[in-house]
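Taking my numbering, I'd label the letters of the sequence shown as residues 10 to 470.
We put the CB at the ideal spot given by N, CA and C, even for glycine.
Reviewing the structure listed below.
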Amino acid sequence: MPENLQEDTLLLVDPDLDFLDWATKHLSAGNLKILRCDNAANALKVVEKTPVSVVVAAMAIEPFDGMELLSRIMQRSPKTLVILTAGFPTTGQIIEATQHGAHDVLRKESLAFELRPVVESALQTQDDRRSADQPAAEMPKLDGRVKMIGISRALQEVFKIVGRAARSDAPILIAGESGTGKELVAKAIHEYSPRRQKEMITINCGAIPENLLESELFGHEKGSFTGAIARRAGRFEQADGGTLFLDEIGDMPLSIQVKLLRVLQDGSFSRVGANETLTTDVRIVAATHKNLTEEVAAGRFREDLYYRLNVVEIKIPALRDRLEDIPLLADYFLQRITRKNGMASIRISAEAVTALQTHHWPGNVRELENTIARACALASSNILLPADIPLANAPIKTAAGFVAAMDQVINAAPTGANLLAWLNAQVAGHILDRAHGDLKEAANILDLPLPELRKLLGGKS
């Protein structure tokens, strides 16, 4: 433990007496006074009578749970730092706990190697702000509508940032590879924010041609361009009071970036073809798979806009960096796909899970979901084995292996489909995944004009 100038008091709250014994020995230090309680009511009495620096409390405790204990401690002793523990804390629990002021949320099974450093960090924080008084803002409990699946430390850190950042109106930049779940994080930010009663409007900046993107964002007047047969409100008007999610902001043309910067500066804009200046009150959340600092250096992204957007940055980990989440994700997708399609229950074998965890996953969670969907469609029994998992990018070292792989691909084609067109679309889609969703890069790899690639993809982008 850090050497503090004064003695700190640590309160352990857990119904498991064996855990209390272990944690007391594990955290014992000469300058640390450790108190223990096996229920929340007694813990609250201790906090009311004794200056407590840090509380480590279980979520599952009586007569009221750890979340309620956290709220009551924040009301009575806002300087106290609270660390909550749970067997498998959900996305909603982590975000809500953070919003209520929790210093951290830890999984029970990780306490052996995480509890001590997290407590040390909390005690150091108390040393750094002895005289501070920072009560946490109260937020109502929500029903956990956002489905972000994962128990990895990397993903739980994302949940905590969401919990802290959702309370403000600061612009947020979400960075991560294609398929990592950036839109889910944006939805969580909105749903846990004071703006949740209003809409979250989403626009993909890379999927709309430059000549239409300005109109899509800001709206247009009747007759302002060919095809503008009536006045139309843009996304900034539609999202007034809510959240505007600008997906793939790195693909936004420079000409539109200038206009976006103005809105971020003073909330004002004009419809295409209009002289009237309108104002809007929106919270901007942007996302990109590109490295925007590199885009700025290359002159493809405005530096001033980058700093305006990057007030809070959330980096989503790639699936290969959180392999422990794969079993949960695979099971979740299995249940959702079989239920949606009215199929019999299917489970995944341990060997198949191991196969999934050894794959590189360039397409991340989206690729995993598609892989599970294909496996369900082709499953010959109610147990998925490694042979049933159609992993992409598997090495093909022989001509026979290539033929076998081609047979597998052809057999997966929909009945009655134009085989050549279907194969071309699969290749184009695979290259687009390899290019992290960048249409221009995929077109360059395939040596195709961009309109031809869009046509191969069936108009999808």
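Pick from the options that is closest to residue i, judged by C-alpha positions
i, options, result
"P180", "V194, Q266, A295 and F278", "A295"
"R205", "S177, D25 and I454", "S177"
"V114", "Q133, T99, T94 and E123", "T94"
"E71", "V64, I82 and A50", "A50"
"E118", "M83, A67 and G172", "A67"
"I258", "G228, L222 and T289", "L222"
"V128", "D334, D74 and L19", "L19"
"E246", "T288, L387, K191 and G75", "T288"
"M209", "P399, V291, L301 and N48", "V291"
"L377", "A353, L343 and M352", "L343"
"I212", "G243, A430 and V22", "G243"
"S3", "L182, L314, E105 and F97", "In this structure the chain extends from 10 to 470, so residue 3 is not present and cannot be described."
Status (buried if at least 16 other CB within 10 Å, exposed otherwise) for residue i
i, result
"P458", "exposed"
"V89", "One detail in the question is off: residue 89 reads as Thr in this sequence, not Val. Burial call: buried."
"F28", "buried"
"I325", "buried"
"Y201", "buried"
"I392", "exposed"
"S264", "exposed"
"R348", "exposed"
"Q84", "exposed"
"A409", "A caution first: A409 carries a pLDDT of 47, below 50, which makes its placement in the model unreliable, though a value can still be read off. Looking at its Cβ environment, which holds fewer than 16 other Cβ atoms inside 10 Å, A409 is exposed."
"F254", "buried"
"T297", "buried"
"A307", "exposed"
"S86", "buried"
"S224", "buried"
CA-to-CA distance, residue j to residue i, given in whole angstroms
i, j, result
"N427", "R383", "19 Å"
"R271", "N220", "19 Å"
"N402", "M157", "At N402 the pLDDT is 49, less than 50, meaning the model places this residue with poor confidence and gives no usable figure here."
"L78", "N40", "26 Å"
"P262", "F310", "8 Å"
"I103", "V436", "40 Å"
"I440", "N373", "14 Å"
"L462", "L448", "8 Å"
"D249", "G172", "22 Å"
"E57", "A38", "24 Å"
"D25", "D17", "24 Å"
"H369", "G276", "43 Å"
"T33", "P126", "14 Å"
"Q165", "F234", "48 Å"
"A175", "N433", "42 Å"
"I238", "A359", "59 Å"
"H229", "T286", "12 Å"
"N48", "P395", "46 Å"
Sheet register partners of residue i (DSSP bridge)
i, result
"C214", "Beta-bridge pairing links C214 to no other residue."
"I323", "I183"
"L90", "V63"
"D17", "L41"
"H109", "In DSSP, H109 forms no bridge with anything."
"A242", "G228"
Extent of the continuous beta strand (DSSP E) to which residue i belongs
i, result
"T252", "T252 to D256"
"V65", "V63 to A67"
"I43", "L41 to C46"
"A295", "R292 to T297"
"T302", "Per DSSP, T302 belongs to no beta strand (DSSP E); it is in the alpha helix (DSSP H), L301 to A306."
"T115", "Checking the sequence shown, residue 115 turns out to be Leu, not Thr. Where L115 is concerned, the enclosing beta strand (DSSP E) stretches over D113 to R116."
Host alpha helix (DSSP H) of residue i (start-end)
i, result
"A4", "For the chain, the structure presents residues 10 to 470; residue 4 sits outside this window and is missing."
"V167", "R162 to A174"
"D275", "L263 to D275"
"V374", "N373 to L387"
"H35", "L26 to L36"
"M76", "G75 to R85"
"I158", "Element bounds for I158: n/a, residue is neither H nor E."
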